[in-house]
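Let me begin by presenting the structure, written as structure tokens, before commenting on it.
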Amino acid sequence: MNSPHDALIRLDEFFASTLASVDLAEAEVIRIAGEIGFGEDDVFQIGMAVREGMVNAVVHGNRYSEEKKVRLTVTSEPGRLVIRIEDEGEGFDLQSIPDPTTDENLLRQSGRGLLLIRSFVDEVRTEPLRKHGTVLELVKRRDPGD
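For the sequence shown, our numbering begins at 510 and goes up steadily by one.
What follows is the structure in structure tokens.
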């Protein structure tokens, strides 16, 4: 049975609400995932999920506001990696996001980020923060063969 003592925080950092920060965050998480033993395909998927989550936080959550930050926390636990991306925006309801696979949404230029994230990680959760903002939590389980 896992206990909270088995978890190890690998990263807890605040990033500016810029697209350049997305690249930095993705690189950090890719490095961590590789260091703790995820295979090449999983590392790629984790990186893409973080990229999409960070873009959503910067663009849709914080709306590029210089006053707002995106907090990225990466915790390794036995057999899995937990990634939390927190923005300071108005928040959103995961259920209210339109399905990008329906006919009316297929040709839209945006709106596929959460679909991609869900395809790359094992669990996706959102929760509102007390005052403002949203936490996007991603969980990627490690293959026992890795």
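Beta carbons are placed, not taken as given, at the ideal position from N, Cα and C, and that holds for glycine.
Three-state secondary structure assigned by DSSP to residue i
{"i": "S628", "result": "helix"}
{"i": "I545", "result": "coil"}
{"i": "N614", "result": "For N614, the pLDDT reaches just 46, beneath the cut-off of 50, and the residue's location in the model is therefore unreliable, leaving the point undetermined."}
{"i": "D596", "result": "coil"}
{"i": "L638", "result": "coil"}
{"i": "A525", "result": "strand"}
{"i": "R540", "result": "helix"}
{"i": "L517", "result": "strand"}
Close beta carbons around residue i, own chain, < 8 Å, minus the five adjacent residues each side
{"i": "D515", "result": "E586, P587"}
{"i": "T734", "result": "Within the shown structure, residues of the chain are numbered from 510 to 655, placing residue 734 beyond reach of any answer."}
{"i": "L533", "result": "F524"}
Chain D contact for residue i (CB, 8 Å cutoff)
{"i": "R580", "result": "Of the protein chains in the structure, only one exists, and it is not chain D."}
CB of residue i within 8 Å of CB of residue j, strictly
{"i": "R670", "j": "V538", "result": "The structure shown has nothing for residue 670, since the chain only spans 510 to 655."}
{"i": "E575", "j": "G642", "result": "no"}
{"i": "F548", "j": "G570", "result": "Looking at the sequence provided, one finds Gly at residue 548 rather than Phe. No, these two residues do not count as a Cβ contact at 8 Å."}
{"i": "V579", "j": "M563", "result": "yes"}
{"i": "R651", "j": "G556", "result": "no"}
{"i": "E522", "j": "L581", "result": "yes"}
Beta-carbon proximity list for residue i, same chain, < 7 Å, skipping 5 on both sides
{"i": "R560", "result": "V531, E535"}
{"i": "M510", "result": "Only weak support exists for where M510 lies, its pLDDT of 47 falling under 50; the value from the coordinates is given anyway. Same-chain partners within the cutoff: there are none."}
{"i": "R519", "result": "I541, V583, T584, S585"}
{"i": "A558", "result": "I626, F629, V630, L647"}
Same chain, Cβ closer than 6 Å to residue i, five either side skipped, listed in chain order
{"i": "L517", "result": "S585"}
{"i": "E646", "result": "R593, R634"}
{"i": "E632", "result": "V648"}
Rounded distance between the beta-carbons of residue j and residue i, thought under 8 Å
{"i": "L590", "j": "K640", "result": "That belief does not hold up - the Cβ atoms of L590 and K640 are roughly 28 Å apart, past 8 Å."}
Report task. Tell me the start and end of each unbroken beta strand (DSSP E) in the segment 547-591 that is at least 3 residues and wholly inside, in chain order. Result -> 578-586
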